[in-house]
Amino acid sequence: MSPWQSHCLEGDLPNLEGSFHIDVPSDTDVWAKPPAHNKFDAPFIYKTLKLSELTSAKITVTAQWTQLYDQGGIMVVVKSKSGENRWVKSGVELLDGVPRVGTVARDVWADWSLYPVVSRDGKSATVLFENKVGDSLWIYLIGDDGTKHSLREVAWWAGLEADAELQVGVYGAKPSKEGDLRVEYRDFKVVSS
């Protein structure tokens with residue numbers, strides 16, 4: 001049995017070795033904004049690990065980004081025993097007609113930061129999450145030449161218990177109500193102990 005599961009994925013799980021894609025329906029998102037907007041209905045393929053088991057996760061993502069907030073990348077969900085889940089996502093997101101690297105961390109509500117896409121094609125990104133157990137979750141953008149660009153340190157990560165349950169995987173979202181989106185992924189790797 002595969003350790004991989006899915007949330008809101010239409011169809012069968014793809015083979016995650018090599019290159020694969022997710023067809024993302026419109027009007028889907030992972031976002032939480034006061035006073036009451038809380039949406040988590042985007043396709044998400046993940047496996048479950050304990051916080052202490054996760055070392056890193058890495059993906060290269062691309063698509064024909066056409067609509068505002070079209071997005072895809074890597075996500076880690078921290079399962080809550082009571083209340084709302086926390087999560088962190090990072091990947092390519094379209095804003096003002098330009099693909100950018102968007103990183104969002106949700107503790108109580110989500111925040112959002114942007115960084116320029118550094119790939120030669122201008123529309124893909126390789127994102128790396130590194131788990132520093134007892135410290136922080138670090139998120140990096142890896143350039144075509146291997147340069148590691150620091151995107152975000154998620155400081156609230158240090159307050160998590162070592163046995164916290166995580167869902168680690170890839171997602172795609174299309175908040176626009178127009179059209180669909182095919183997000184393409186390659187070189188997906190989750191390193192765990």
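Just so we're aligned: the sequence shown equals residues 1 to 193 in UniProt numbering.
Heads up, the beta-carbon is just placed ideally off N, CA and C, and yes, glycines get one too.
Keep in mind that this is a model prediction, so the values were computed, not measured.
Beta-carbon separation (whole angstroms), residue i vs residue j, contact threshold 8 Å
i: ALA125; j: VAL101; result: 5 Å
i: ILE59; j: VAL127; result: 6 Å
i: GLN67; j: LEU95; result: Contact doesn't hold; Cβ gap of about 11 Å is too wide.
i: GLY172; j: GLN71; result: 7 Å
i: ALA158; j: ASP135; result: 5 Å
i: ALA164; j: LYS50; result: 7 Å
Residue i burial status per 10 Å Cβ neighbour count (16 or more: buried)
i: PRO43; result: buried
i: ASN131; result: buried
i: ARG120; result: exposed
i: THR28; result: buried
i: LYS174; result: buried
i: LEU137; result: buried
i: LEU114; result: exposed
Beta-carbon proximity check, residue i vs residue j, cutoff 9 Å
i: LYS47; j: VAL183; result: no
i: VAL24; j: LEU181; result: yes
i: LEU160; j: SER90; result: no
i: ALA57; j: ILE74; result: yes
i: TRP65; j: VAL30; result: no
i: SER193; j: SER82; result: no
i: TYR185; j: VAL61; result: yes
Spatial neighbours of residue i in its chain, beta-carbon cut-off 8 Å, leaving aside the 5 residues before and after
i: LYS33; result: TRP109, ALA110
i: PRO3; result: LYS47, THR48
i: residue 237; result: This structure gives no information on residue 237, because the portion of the chain shown stretches from 1 to 193.
i: PRO116; result: ARG100, VAL101
i: HIS149; result: TYR115, VAL118, TYR140, LEU141, ILE142, GLY143
Residues of its chain near residue i, where Cβ-Cβ distance is below 6 Å and the 5 sequence neighbours each way are ignored
i: GLY143; result: VAL118
i: PRO14; result: PHE20
i: VAL76; result: VAL88, LEU166, VAL168
i: VAL104; result: LYS89, ALA110, TRP112
i: LEU9; result: PRO43
i: ASP41; result: CYS8, THR28
i: LYS39; result: ASP29, TRP31
i: PHE188; result: LEU16, ILE59
Test: residue i CB closer than 9 Å to a CB of chain B
i: VAL101; result: This model lacks chain B altogether; it includes just one protein chain.
Close-in-space but distant-in-sequence residues of the same chain around residue i (CB under 7 Å, 5 per side omitted)
i: LYS177; result: SER26, ASP27
i: THR55; result: ASN131, VAL191, SER192, SER193
Residue i - partner residues in DSSP beta bridges
i: GLY172; result: GLY72
i: LEU181; result: VAL24
i: PRO99; result: LEU94
i: GLU153; result: TRP138
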